[in-house]
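Take a look at the structure set out below.
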Amino acid sequence: MRTRSRFRAVLYSAVTVLIALVVLEGAASWMMLVYYRATDQQKFETDDPSYLSVVNLARRFSRLLGLSEPEMVLEQSSPSPFFRADPLLGYSAAPGVYTHSYARRNGSTGEWEYFRNKVTINPDGTRWVGAPRPGKPTVYVFGDSWVFGNGVPDELTFAARLYEALPDWNVRLVALGGYSLTQAWLTFERLKEIGPDDIVILGYADYFDVRHVEAPSRLLEIERWLERINQPIPPFQLPKATLASGGGLAIGYIDQRCAMLGDYCRRPDPSQQEMTDVTAALVNQIAARSPAKVYLLHFAGSPDNPVRRKVSPKVQVIGAVRSEFDSVVQDDIIGFDGHPGPFWHYAISRRLLDNIAWHP
């Protein structure tokens with residue numbers, strides 16, 4: 013009798029443990045699913061190779077708490093450095109031909125794997141999209157890393173696709189990672205050659221607003237990104253736009269290193285209303301000074317962004333955020349990086365070709 017009771021106790025204990033493990037795995041699977049959906053992560057098997065969500069969740073928590081080696085993602089340029097200090101724009105890309113490499117440890121094998129692409133910077137600091145076409149009007153495309161095409165080869169950026177589709181036009185890609193409409197305005201002021209037959213396309217995303225005012229959250233974002241890719245923080249002086257009296261703009265400069273700014277990075281960001289007004293002022297100031305037609309390409313964020321309603325009637329807004337396509341166009345750099353890939357660049361080029369009156 014005692015033997016049978018002891019057996020039942022062991023059996024009940026084993027069943028209880030098994031049920032607890034099943035419930036725990038179910039809860040962990042639900043949490044991981046929510047995380048994947050919230051981060052729009054599709055190629056999760058590279059970082060979370062186990063079939064047990066409990067194991068994957070434990071690995072991520074241990075990284076978060078610093079109990080295990082953090083996930084390492086590297087970005088490198090050859091030759092290096094790619095960026096250089098610029099007294100007007102904060103920084104710029106040095107002319108030359110580069111190989112940009114993305115590296116990560118494969119979650120299954122532990123080995124490093126690489127993704128490489130070619131980046132060509134012209135002598136004037138623009139990215140190469142094709143050979144000049146003398147005597148033809150020019151499309152000037154301003155923007156940040158999405159517009160520049162981080163992780164995308166020269167020939168596959170949407171600017172290069174425009175060049176290929178428009179044989180009667182030149183295209184100049186005046187963009188770089190981390191830029192915003194502040195750099196677009198400063199560069200625009202230098203481009204005295206823009207004429208009435210040309211076209212100006214201003215790439216804009218909701219996340220530009222904090223960049224225009226160099227909000228504390230933006231500087232902290234720069235620090236976190238550089239730490240993630242294992243790079244030091246360069247002593248660049250970034251342009252900062254503020255509203256001046258009469259609705260104009262004033263441009264100052266601020267060190268991008270929080271350590272040099274006292275308690276600045278612990279302060280709250282300016283109000284969204286103020287940042288929206290600064291963004292609209294940048295767009296409208298460019299439009300007021302431009303002899304060419306100006307288009308605002310809103311490529312990321314909400315279609316209800318108030319900037320769209322605040323821009324001058326001289327500016328045509330081209331909506332190209334994710335929800336404004338009738339199909340999914342948001343690919344990435346095959347899981348190595350979150351920047352959009354060639355399919356997105358193709359979709360943006362088609363949106364521009366369909367919404368601009370191309371009369372050379």
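In our numbering, the protein residues as written are 13 to 372.
Ideal Cβ placement from N, Cα and C applies to all residues, glycine included.
Who are the Cβ neighbours of Q54 in its own chain at under 6 angstroms, not counting the five residues just before and after it?
-> Because Q54 sits at a pLDDT of 49, beneath the cut-off of 50, its placement in the model cannot be relied upon, and the following sentence gives the value as read from the coordinates. So no residue of the chain qualifies.
Ordered list of beta strand (DSSP E) runs contained in the region 215–290, each at least 3 residues | Correct list: 249–255, 261–267.
For Y358 and T169, the rounded distance between their alpha carbons = Each residue's Cα considered, the two are about 8 angstroms apart.
Of the choices S302, P303, N296, E336, whose alpha-carbon is the least far from that of V319?
-> Taking the Cα of V319 as reference, the smallest distance to any Cα among S302, P303, N296, E336 is reached at N296.
Span separating the alpha-carbon of L238 from that of Y276 = Rounded to the nearest angstrom, the gap between the Cα atoms of L238 and Y276 is 19 angstroms.
Does the beta-carbon of T199 have 16 or more other beta-carbons within 10 angstroms, so that it is buried, or is it exposed?
-> The C-beta of T199 has 16 or more other C-beta atoms within 10 Å across all chains shown, which makes the residue buried.
Are the region 153–161 and the region 205–221 in contact at 8 angstroms, needing three or more beta carbon pairs?
-> Yes: at least three Cβ pairs fall under 8 angstroms.
Bridge partners - Y110, DSSP secondary structure assignment | Answer is V131, bridged to Y110.
Report the option in S92, T121, P280 whose CA atom is closest to the CA atom of S113.
-> Ranking S92, T121, P280 by Cα distance to S113 puts S92 first.
To the nearest angstrom, how far is it from the Cα of R145 to the Cα of W370?
-> About 16 angstroms.
For S192, collect the residues of the same chain with a Cβ closer than 7 angstroms to its Cβ; drop the 5 residues on either side in sequence, then sort them by chain order.
-> Hits under 7 angstroms: D156, F220, R223, H224.
Please determine, among S302, E336, F355, S229, the residue with the shortest C-alpha to C-alpha distance to Q342.
-> Among S302, E336, F355, S229, the Cα nearest to that of Q342 belongs to F355.
Kindly indicate which three-state DSSP category H310 falls into: helix, strand or coil?
-> Look at H310 here: in three-state DSSP terms it is strand.
Have a look at T150, R128, L33, W42 and flag the residue whose alpha-carbon is nearest the alpha-carbon of I345.
-> For the residues T150, R128, L33, W42, the minimum Cα distance to I345 belongs to R128.
Beta carbon of F248 nearer than 8 angstroms to that of Y110 = Between F248 and Y110, the CB-CB gap reaches or exceeds 8 angstroms.
By Cβ distance, which residues of its chain are closer than 7 angstroms to N367, with the 5 residues on each side in sequence left out?
-> Apart from the 5 residues on each side of it in sequence, N367 sits with its Cβ closer than 7 angstroms to the Cβ of I330 in its chain, given in chain order.
Would you call the CB atoms of I314 and V333 closer than 8 angstroms?
-> Position check: residue 314 holds Ser in this sequence, whereas Ile was assumed. Contact flag set, yes.
Just reading off the beta strand (DSSP E) that N182 is part of, what are its end residues?
-> Its beta strand (DSSP E) spans residues 182–187.
Environment of E87 [buried if 16+ CB atoms lie within 10 Å] = Buried is the call here.
Nonlocal neighbours in the same chain, by C-beta distance under 6 angstroms from Q90, ignoring five residues either side = It should be noted that the sequence gives Ser, not Gln, for residue 90. Closer than 6 angstroms at Cβ, skipping near neighbours: T111.
Beta carbon of L188 nearer than 8 angstroms to that of A171 | Taking 8 angstroms as the cut-off, the beta carbon of L188 is found no closer than this to the beta carbon of A171.
Could you check what DSSP says for K305 in three-state terms: helix, strand or coil?
-> Three-state DSSP puts K305 in a strand.
Got a sec? Which residues, its chain only, sit under 6 angstroms from V27 by beta carbon, not counting five neighbours each side?
-> There are no such residues.
With DSSP run on the structure shown, which of helix, strand or coil describes Y191?
-> Reduced to three states, the DSSP call for Y191 is coil.
Classify V67 as helix, strand or coil using the three-state DSSP reduction.
-> Helix, per DSSP.
Please say whether I206 and A299 have beta carbons closer to each other than 8 angstroms?
-> With contacts defined as CB atoms closer than 8 angstroms, A299 and I206 fail to qualify as a contacting pair.
For L255, I'd like the list of residues in its chain whose CB is within less than 7 angstroms of its CB, leaving aside the five on either flank, ordered along the chain.
-> Hits under 7 angstroms: L261, D289, V290, A293.
For Q284, does the count of other Cβ atoms within 10 angstroms reach 16, so buried, or fall short, so exposed?
-> The residue in question, Q284, is exposed, as its Cβ has fewer than 16 Cβ neighbours within 10 Å.
For L101 and G190, the rounded distance between their alpha carbons | In a straight line, the C-alpha of G190 is about 11 angstroms away from that of L101.
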